[in-house]
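In the order they appear, the protein sequences are chains V and S. For what it's worth, the numbering used here labels the leading residue of the first sequence as 174, then goes sequentially. For what it's worth, the numbering used here labels the leading residue of the second sequence as 174, then goes sequentially. The block underneath contains the structure these notes are about, expressed in C-alpha cells.
Number of protein chains: 2
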Amino acid sequence: MTKIATIGCGLIGQGWATVFAQAGFDVAMYDASAEAAERALETMASRISDLVEFELVTAADAPRILQRITVAPSLEDALNDAVYIQESGPERLDVKREITQMLDAIAAPDVPIGSSTSGISASRYCKEIAGRHRCLVVHPINPPHLIPAVEIVPTPWTDPDIVSKVNALMIECRRETIVLSEEIDGFVVNRLQGALLEEAFKLVGSGIVSAADLDKAISDGLGLRWSFMGPMQTIHLNAPEGVAQYVERYGEMYRSFGVGPSDSVDWKDVANEKLGPEFEERIPTSDIPDAQAARDRKLMALLRHKAQTRSETPPVSPVTQE
Amino acid sequence: MTKIATIGCGLIGQGWATVFAQAGFDVAMYDASAEAAERALETMASRISDLVEFELVTAADAPRILQRITVAPSLEDALNDAVYIQESGPERLDVKREITQMLDAIAAPDVPIGSSTSGISASRYCKEIAGRHRCLVVHPINPPHLIPAVEIVPTPWTDPDIVSKVNALMIECRRETIVLSEEIDGFVVNRLQGALLEEAFKLVGSGIVSAADLDKAISDGLGLRWSFMGPMQTIHLNAPEGVAQYVERYGEMYRSFGVGPSDSVDWKDVANEKLGPEFEERIPTSDIPDAQAARDRKLMALLRHKAQTRSETPPVSPVTQE
C-alpha cells in the first residue's frame with residue numbers, strides 16, 4: 174500500500190484523508206493536538222456513512238476506507254514512507270512557514286509538500302526553505318470530500334516534475350485539477366467567485382434587486398448549466414460558430430454594462446489567440462450542434478433530478494424533522 | 174380557458190408557448206411569417222417529446238399541451254381575449270418600437286405587454302406609446318422551456334399593478350421570478366455572467382490557466398452549489414453567524430485580488446444594511462447549522478446524479494451514436 178500523510182486534522186484535513194483513502198491510499202493523519210486527531214476519526218466515520226447513504230461509497234467499501242486512515246503518534250511516523258504530504262494547518266503565514274520548514278526537514282527528498290491554503294501563495298513562506306522546489310499549493314474547495322475541483326499552484330521555484338506528479342496523483346484520486354502556470358492572489362476559483370460577488374453586492378446594495386431574487390438568477394438560471402459545463406464552454410455553445418463568434422456578437426454588449434474593471438481585457442484578442450485554438454481541440458465548430466443537444470439532455474436530466482430531490486431532501490428544520 | 178398571446182415564433186417564442194401551455198393556458202402564437210409559425214409547431218412537438226422522455230411532462234399531458242397551442246391567422250385573432258402578451262420579436266430597437274405600438278393599439282386595455290428582449294430596456298421604445306404603463310421586459314433565459322429563471326424589469330412608467338400581475342402569472346407558470354426595482358443595462362443575469370466572464374477572459378488571456386481548467390473551477394467547483402443555491406445564500410452559510418460575519422472575515426481578501434471595478438461597492442455596508450436584515454427573514458442565524466446540513470445532502474444527491482448521468486447521457490457524437 175502506498176501512503177499519504179495529511180497534516181492538520183480540521184475539516185479540510187479530514188476531507189483530504191477521506192479522498193485519499195477512497196482512492197485506495199493508506200492515510201496517516203497528524204495533528205499537534207492528539208485529541209483533535211482522535212475526534213477527527215469519529216467525524217469522518219459519520220461523513221463516510223453519509224456517502225454510503227447517497228451511494229457515493231458502497232457499504233462494503235466504507236469500513237475499508239476507514240481502516241486505511243490512522244492517526245500517527247508523531248510527525249516523524251506520519252511522514253515515514255509517505256509519497257505525498259498534504260498540509261492543512263492554520264491560515265497564518267508564520268505558522269505555514271514553521272510547519273513547512275519542519276516537514277521539509279523530516280520528509281524524504283522529493284516527496285511533494287502541498288498546502289491547502291486558500292489565501293497564502295506558497296512563495297511567501299517557502300523561499301528560504303531548502304526543499305522549496307517541492308513546495309506548492311494544492312487548494313481544495315470546501316468540503317474537499319464532496320467538491321472535486323482542486324487548484325494546483327506552483328511557486329517560481331517549484332520543479333515542473335513535482336507539479337506533474339501531484340497533478341497525476343490528484344487525478345488518480347478522482348479530483349478535477351485546475352493547474353495554474355504561476356501564482357496569482359486568490360488563484361482561479363476565488364477570483365471568479367469574487368468577481369461575481371462584487372457585481373452581486375453592487376446590484377443588491379443599490380436596491381435594484383433583493384438578495385433572494387439575485388440568488389434565483391444563479392440557482393434557477395446560470396447555475397443550472399454551470400453545474401456540468403463551465404462558463405467558457407457555455408458561451409462556446411451559444412453561437413453556431415463557437416466562442417469567437419459569441420464574442421463578436423455579444424462582447425460589445427457586455428462591455429457596455431461596465432461590469433469589468435477599468436483595466437479590462439480585450440475579449441476578442443483572448444478569443445482569437447487562446448480560446449479559439451483551444452476549443453478547436455476540445456469541441457471543434459463542427460461538433461457544436463451535437464454538443465448543444467448533449468447539453469440540453471443534461472439540463473433536462475438535471476431538472477428531473479432537482480424536481481426529485483426537492484421532495485426527497487427537504488430543508489432539515491425543527492418543524493419538519495419529525 | 175384563459176388565453177395568452179405569444180408574438181414571434183422563433184426559439185424564444187416557442188419556449189414561451191410551451192411554458193404557458195404546460196401551465197394550462199391556451200396559447201395563440203403569431204408570426205408575420207405564417208410559414209415560420211407552422212414550422213414552430215413541429216419543433217415544439219419534438220421538444221415536448223424530449224420533456225416526456227425526461228419525465229418533465231407526463232405522456233398523457235403531452236398531447237393536451239400541444240392541443241392548447243394554435244397559430245393565429247392574424248395579429249387581431251392572436252390578441253383577442255388574451256390576458257397577457259409575450260413579445261419575442263427581433264432584437265432591434267426600431268422593430269421593438271413598431272411591434273409594441275401595434276400591440277398596444279390592438280390589445281384590450283391593461284393587458285400587460287412583456288418583451289423577451291435581453292438587451293433593450295423597454296423605456297427606450299415605449300416612451301411615446303399610449304399604453305406605456307403596461308409595457309415591461311419579461312426576459313427568459315435560453316432555452317425558456319428548460320430554465321425557470323425570468324427577469325421582470327419595469328420602465329419608469331410601468332404601473333406597479335402590472336408588475337404584480339405579471340409576477341403572479343409567471344409564478345403560476347412555475348417560473349422563478351427576479352423582479353428588478355428599475356431598469357439597468359444587462360438586467361441581473363447577464364451582468365452577473367458578464368462579471369464572471371470578464372475575470373475568466375483575464376485569467377485565460379494572461380496564460381495563467383487554460384479555458385478547460387477554468388471551466389472545471391465552475392463545473393466541478395462553484396457551479397455545484399450554485400445549481401441549487403445562489404451566491405448570496407452560499408456565503409451566508411459559509412460563516413457560523415452568516416453573511417455579515419463572512420464579509421468581515423473574507424471581504425478584505427476579495428478586495429485584495431482587485432477583481433472588482435474601480436468604483437467598487439463597500440461589501441460591509443451592503444451586508445449590514447441589506448443582506449443581514451433580509452437573511453434574518455430567509456435563514457436566521459440560528460437555522461444556519463440545519464441549512465448547512467441540508468446543503469450537504471443536496472450536494473451529495475447532485476454528485477450521485479452527476480455520476481449517473483455521466484453514463485446515461487454521453488455526449489452525442491457521430492462516433493458514439495451507433
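All residues carry an ideal CB built from backbone N, CA and C; glycine is no exception. The model shown is predicted, which means the values in this text are computed figures rather than measured ones.
For residue i, would you say it is in contact with chain S, using Cβ-to-Cβ distances shorter than 8 Å as the test?
| i | result |
| --- | --- |
| V/L397 | yes |
| V/L214 | no |
| V/S400 | yes |
| V/M217 | no |
| V/A385 | yes |
| V/A412 | no |
| V/E355 | yes |
Counting only the same chain and skipping the five closest in sequence on each side, list residues whose C-beta sits under 7 Å from that of residue i.
| i | result |
| --- | --- |
| S/P317 | I185, G188, W189 and V192 |
| S/S435 | Note that S/S435 has pLDDT 48, beneath the 50 cutoff, so the model's placement of it is unreliable and the number below is only indicative. Closer than 7 Å at the Cβ level, and outside the excluded window around S/S435, lies no residue. |
| S/C299 | T273, R305, C308 and T328 |
| V/V443 | none |
| S/L342 | Y257 |
Starting from residue i and walking both ways along the alpha helix (DSSP H), at which residues does that stretch end?
| i | result |
| --- | --- |
| S/E372 | V362 to G378 |
| V/M405 | P404 to H409 |
| S/M426 | V416 to F430 |
| V/D388 | A384 to A390 |
| S/A196 | Premise fails: S/A196 is in no alpha helix (DSSP H) and is neither H nor E. |
| S/G396 | G396 to W399 |
| S/S459 | Unbroken run through S/S459: none, as it is neither H nor E. |
| S/R297 | S296 to C299 |
Between which two residues does the beta strand (DSSP E) holding residue i run?
| i | result |
| --- | --- |
| S/P313 | C308 to P313 |
| V/K176 | K176 to I180 |
| V/I351 | E349 to V352 |
| S/D277 | Unbroken run through S/D277 is the alpha helix (DSSP H), L266 to I279; no beta strand (DSSP E). |
Within the present structure, is the beta-carbon of residue i separated from the nearest heavy atom of the ligand NAD by less than 7 Å?
| i | result |
| --- | --- |
| V/V352 | With respect to small molecules bound, the structure shown includes none, and the ligand NAD cannot be examined in it. |
Using three-state DSSP, classify residue i as helix, strand or coil.
| i | result |
| --- | --- |
| V/P333 | helix |
| V/I344 | helix |
| V/P316 | coil |
| S/P327 | strand |
| S/S261 | coil |
| V/S289 | coil |
| V/T216 | helix |
| S/T482 | helix |
| S/E453 | helix |
| S/V230 | coil |
| S/V438 | coil |
| V/A255 | strand |
| V/V192 | helix |
| S/I242 | strand |
When the cut-off is 8 Å and only beta carbons count, does residue i lie next to chain V?
| i | result |
| --- | --- |
| S/P285 | no |
| S/K176 | no |
| S/R455 | yes |
| S/L476 | yes |
| S/I351 | yes |
| S/P327 | no |
| S/Y427 | yes |
| S/L370 | yes |
| S/Q195 | no |
| S/I335 | no |
| S/P321 | yes |
| S/K338 | no |
| S/P263 | no |
Return the chain-ordered list of same chain residues with a C-beta closer than 6 Å to the C-beta of residue i, the five sequence neighbours on each side being excluded.
| i | result |
| --- | --- |
| V/Q465 | L410 |
| V/V420 | W440, K441 and A444 |
| V/E371 | none |
Tell whether a beta-carbon distance below 8 Å holds between residue i and residue j.
| i | j | result |
| --- | --- | --- |
| V/I177 | V/A280 | no |
| S/A251 | S/A201 | yes |
| V/L276 | V/E260 | yes |
| V/I320 | S/G394 | yes |
| V/L214 | S/V361 | no |
| S/I180 | S/G262 | yes |
| V/K389 | S/I351 | yes |
| V/M405 | S/A368 | no |
| S/A194 | S/I238 | yes |
| V/F430 | S/R297 | no |
| V/W330 | S/I391 | no |
| S/G381 | V/I357 | Note that residue 381 of chain S is Ile in the sequence shown here, rather than Gly. Cβ distance < 8 Å, so S/I381 and V/I357 count as in contact. |
| S/I302 | S/V311 | no |
Whose C-beta lies closer than 8 Å to the C-beta of residue i among residues of the same chain, with five residues either side of it excluded?
| i | result |
| --- | --- |
| S/G415 | H409, G449, F452, I456, T458 and I461 |
| V/I286 | I258, E260, T273, L276, D277, A280, G304, R307, C308 and L309 |
Within 8 Å of any Cβ in chain B, is that where the Cβ of residue i sits?
| i | result |
| --- | --- |
| V/Q259 | The structure shown contains no chain B; the protein chains it does contain are V and S. |
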